[in-house]
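What follows is a single structure, written as structure tokens, with notes after it.
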Amino acid sequence: YDSALAQSYQKQFANVEGAAAGKNLGLMSPAAFVDATKAGKEMVALDIRTEAEMALFGLTLPHSLNIPANELFLPENLAKLPTDKPVVVFCKSGARATALGTALRHAGFDNVKILKGGFKGLAAYLGPKEAN
Ligand SMILES: O=S(=O)([O-])[S-]
Numbered sequence: 432y433d434s435a436l437a438q439s440y441q442k443q444f445a446n447v448e449g450a451a452a453g454k455n456l457g458l459m460s461p462a463a464f465v466d467a468t469k470a471g472k473e474m475v476a477l478d479i480r481t482e483a484e485m486a487l488f489g490l491t492l493p494h495s496l497n498i499p500a501n502e503l504f505l506p507e508n509l510a511k512l513p514t515d516k517p518v519v520v521f522c523k524s525g526a527r528a529t530a531l532g533t534a535l536r537h538a539g540f541d542n543v544k545i546l547k548g549g550f551k552g553l554a555a556y557l558g559p560k561e562a563n
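Going left to right, the sequence shown walks through residues 432 to 563 as this note's numbering numbers them.
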């Protein structure tokens, strides 16, 4: 294996322990995302689902980007990601966002957060109380 890369990951994950483990992985709960959005905090939501999924439903937030996971690391797409405000990565259930968000963080995008549970988690959190 690539020992330099492994060392770099060891450094990245060295603080993933105890109560701060999730935070140090860049995970953001649906509650924290909703609160930050309502508080008007400047954030960019990045939807990395496939185009077919995005066609069904997607983000209508003012600052959102749609870049499918399989194209995210193309230089022209990385160039679209702001580095001066949080970028919250979205997918359906959180798996892709965790993988791709972790990769972005490892590549130096320290401002990247991962929406825990994806759209599903957000919908479950908002639930009927918001619909009423
Ligand atoms: O990757 S996923 O959690 O959206 S199915």
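Glycine residues also receive a C-beta, built at the ideal position from the N, C-alpha and C atoms.
Discussion item. Any contact between the segment 536-546 and the segment 499-516? By contact I mean 3 or more CB pairs, one from each, below 8 Å.
Written reply: yes
Worksheet entry | Beta-carbon contacts of E473 that lie in its chain and below 6 Å, excluding the five residues immediately before and after | K516
Worksheet item: Can the beta-carbon of L546 be found closer than 8 Å to that of A528?
Response: yes
Worksheet item: Heavy atom of ligand 1 less than 7 Å from the Cβ of R536, yes or no?
Response: no
Worksheet item: What is the DSSP secondary structure of F567, reduced to helix, strand or coil?
Response: Any question about residue 567 goes unanswered here, given that the chain covers just 432 to 563.
Discussion item. Once DSSP output is grouped into helix, strand and coil, what is the label at S524?
Written reply: coil
Worksheet item: Out of curiosity, what's the CA-to-CA distance linking N497 and L557?
Response: 22 Å
Worksheet item: DSSP beta-bridge partners for M474?
Response: BP columns for M474 are empty, so no partner.
Item to complete: Would you tell me roughly how many angstroms separate the C-alpha atoms of N446 and K454, rounded to the nearest one?
Response: 10 Å
Item to complete: With a threshold of 7 Å, establish whether the CB of A526 neighbours any heavy atom of ligand 1.
Response: yes
Item to complete: Report, in whole angstroms, the separation of the C-beta atoms of V519 and A452, which I expect to be a contact under 8 Å.
Response: With a Cβ gap of about 19 Å, V519 and A452 do not count as contacting.
Worksheet item: Going by DSSP, which residues form a beta bridge with K544?
Response: V519
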